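Remarks on the structure that follows.
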Amino acid sequence: MFKVNENFVKLPASYLFVDIAKKVSEFSKQHPETEIIRLGIGDVTRPLPKAVVKAMQAAAEEMGKAETFRGYGPEAGYEFLRTAIAENDFIKRGVQVDIDEIFVSDGAKSDTGSIGDIFDVDNVVAVCDPVYPVYVDTNVMAGRAGEYTEGKGWSKIVYMPCLKENGFLPELPKERVDVIYLCFPNNPSGVGISRDALKKWVDYALANQSVILYDAAYEAFITEGDMPHSIYEIEGAKKCAIEFRSFSKTAGFTGTRCAYTVIPKALVFNGVSLNKLWDRRQSTKMNGVSYVVQRGAEAVFSEEGQREVRENIIYYLNNAKIIVSGLEKAGFEVYGGVNSPYVWLKTPDGLTSWEFFDLLLEKTGVVGTPGSGFGVGGEGYFRLTSFNTKENTEKAVERIIRFFKA
Ligand code: PLP
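Residue 297 is where the sequence shown starts when you use our numbering, and the numbers rise one by one after that.
Put into structure tokens, the structure is as follows:
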């Protein structure tokens with residue numbers, strides 16, 4: 297008889313955003329007079345930079361003429377985009393990355409989710425707790441996670457608690473691990489990592505022959521302090537780290553879809569190159585990203601594109617500042633929101649994340665994300681995002697101050 301992949305059956309259904317939507321819709325029905333403000337979503341709202349739109353229009357025109365029409369492109373991305381990425385995101389920052397170390401894709405979600413295809417099923421995986429759920433769930437799908445216990449998590453996954461007691465930075469695992477997922481600036485905590493702190497991870501990985509999967513989806517938000525934009529700014533990282541980048545939050549590509557992954561050629565284990573394995577995997581399973589979209593992504597690096605991208609990032613960071621200072625005024629313990637669009641707060645009066653969600657919605661009409669949805673370590677915390685408009689962000693913060701300060 298046909299058998300399904302039992303690893304998928306093991307996954308607990310993901311109720312987080314469904315539950316949030318259900319609660320918000322019930323509340324709306326009961327209180328039609330309340331204007332709901334959503335500070336829960338991790339999706340951008342500012343439109344695409346004009347430079348990107350223009351480039352995509354021109355590319356669409358090219359596709360409509362026989363002389364300039366293009367069919368399948370190179371699986372790992374067009375050379376024009378890979379060159380622009382290498383130049384702008386790395387070489388300008390003093391990091392040497394070759395274009396054949398760059399793999400263009402439709403998203404960091406796909407790449408962080410699929411990278412495990414080239415890893416052995418017996419590798420021990422370590423994740424931060426709380427964490428972007430894709431890292432854990434895709435290891436469950438691959439059969440690398442063991443068994444699930446409510447309130448504890450997966451038996452074979454090594455969880456690294458990131459709590460206020462350790463500044464939301466993971467500590468080196470006591471046991472040896474093979475694969476380490478790191479994401480900075482972090483989702484959900486909004487906290488960044490210093491060069492020295494990241495160096496400890498690179499040193500650990502080199503000493504233990506482990507691989508770091510470094511998710512830098514939010515690097516564009518680094519604007520204060522001396523924080524690395526890329527793990528390759530740390531010496532030795534090219535021998536132990538894969539980096540994931542995305543145009544989603546940087547340039548408003550969440551609906552347009554373009555990202556890339558860097559796999560250095562120096563990443564060789566047992567004589568096998570991870571770069572070659574990923575190239576083989578990608579060219580077998582995908583036919584690249586649309587030419588039009590890649591031309592749009594290239595335009596992000598133009599002078600006009602860079603200016604517009606910076607304006608949008610500053611807009612979101614300013615919203616984050618409004619949230620942080622408002623919450624502090626209202627008496628909350630607040631973290632993140634400086635080099636990140638995410639603000640992470642400690643729920644007051646010992647409330648659970650969901651109890652605080654209900655209270656906030658009921659009393660202020662503001663929707664956020666319960667920290668417990670990101671793992672056991674997120675219980676007692678709550679995430680607000682700066683991706684709404686300035687006007688709505690201000691309105692939400694005023695309501696929070698009015699209710700909680702009283
Ligand atoms: N990585 C992290 C940490 C994220 O928070 C997100 C999206 O919210 C992604 C990756 C997904 O990025 P993309 O839109 O490129 O798939």
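Every residue gets a Cβ at the ideal spot worked out from N, C-alpha and C, and that includes glycine.
In this text the structure is predicted, and so the values were computed from the model without any measurement.
- When Asn462, Asn566 and Pro466 are compared, the shortest CA-CA separation from Val427 is found for Pro466.
- Rounded to the nearest whole angstrom, the CA to CA distance from Arg541 to Ser451 is 30 angstroms.
- In the DSSP assignment, Met352 falls outside any beta strand (DSSP E) and lies within the alpha helix (DSSP H) extending over Lys346 to Met359.
- Assignment of alpha helix (DSSP H) within the region 640–697, counting only whole runs of 4 or more residues, yields 649–660 in chain order.
- Collapsing the DSSP output to three states places Leu570 in a helix.
- Put simply, of Ala355, Ile518 and Gly674 the residue whose alpha carbon is nearest the alpha carbon of Thr648 is Gly674.
- Counting C-beta pairs closer than 8 angstroms gives three or more between the region 370–383 and the region 578–592, which meets the contact rule.
- Where Pro429 is concerned, the enclosing alpha helix (DSSP H) starts and stops at Pro429 to Met437.
- Annotation for Ser401: Asp407, Ala555, Tyr556, Thr557 and Val585 place their beta carbon closer than 7 angstroms to its own, counting only its chain and skipping 5 residues before and after.
- For the 8 angstroms CB-CB criterion, Val588 and Pro345 do not form a contact.
- When C-beta atoms of the region 423–438 are compared with those of the region 653–663, fewer than three pairs fall below 8 angstroms, so the two segments do not count as touching.
- For Gly449, DSSP records a beta bridge to Thr445.
- A residue is called buried once 16 or more other Cβ atoms fall within 10 Å of its Cβ, and Glu515 is buried on that count.
- Looking at the DSSP output, Glu539 shares a beta bridge with Tyr510 and Val558.
- Those residues placing their Cβ nearer than 5 angstroms to any heavy atom of ligand 1 are, following chain order, Gly338, Gly403, Ala404, Lys405, Tyr428, Cys479, Asn483, Asp511, Ala513, Ser542, Ser544 and Ala555.
- A check of alpha carbon separations from Gly548 across Val596, Thr519 and Ala533 identifies Val596 as the nearest.
- Under the three-state reduction of DSSP output, Val423 falls in the strand class.
- In this model, Glu607 and Lys561 are separated by some 35 angstroms (Cα to Cα).
- Boundaries of the alpha helix (DSSP H) harbouring Tyr611: Glu599 to Lys625, taken from the DSSP string.
- Annotation: the continuous beta strand (DSSP E) that includes Val454 extends over Val454 to Pro457.
- Taking 8 angstroms as the cut-off, the Cβ atoms of Asn635 and Ile518 count as close.
- If you look at Leu478, you'll find it in the beta strand (DSSP E) that goes Val475 to Cys479.
- If the five residues before and after Asn688 are omitted, its C-beta is found closer than 7 angstroms to the C-beta atoms of Ile333, all from its own chain and listed in chain order.
- Residue pairing by DSSP places Gly632 opposite Val639 in a beta bridge.
- Secondary structure note for Ile381: its alpha helix (DSSP H) is the uninterrupted segment Glu375 to Ile381.
- Between Ala503 and Ala537, the C-beta spacing is not below 8 angstroms.
- A residue is called buried when at least 16 other Cβ atoms come within 10 angstroms of its Cβ; Phe415 meets this threshold and is buried.
- One alpha carbon belongs to Tyr638, the other to Lys534, and they sit about 29 angstroms apart.
- C-alpha of Gly488 to C-alpha of Val498: approximately 16 angstroms in a straight line.
- The shortest CA-to-CA distance from Ile453 to any of Gly439, Lys460 and Asn462 is the one to Gly439.
- The C-alpha of Gly390 lies about 24 angstroms from the C-alpha of Ser544.
- Rounded to whole angstroms, the separation of the alpha carbons of Glu539 and Gly403 is 13 angstroms.
- In this structure, Glu397 is the residue among Glu397, Gly367 and Lys361 with its C-alpha nearest to the C-alpha of Arg378.
- Shortest Cα-Cα distance from Ala309 to any of Tyr631, Pro429 and Phe365 involves Pro429.
- With 16 or more other Cβ atoms inside 10 Å of its own Cβ, Glu594 counts as buried.
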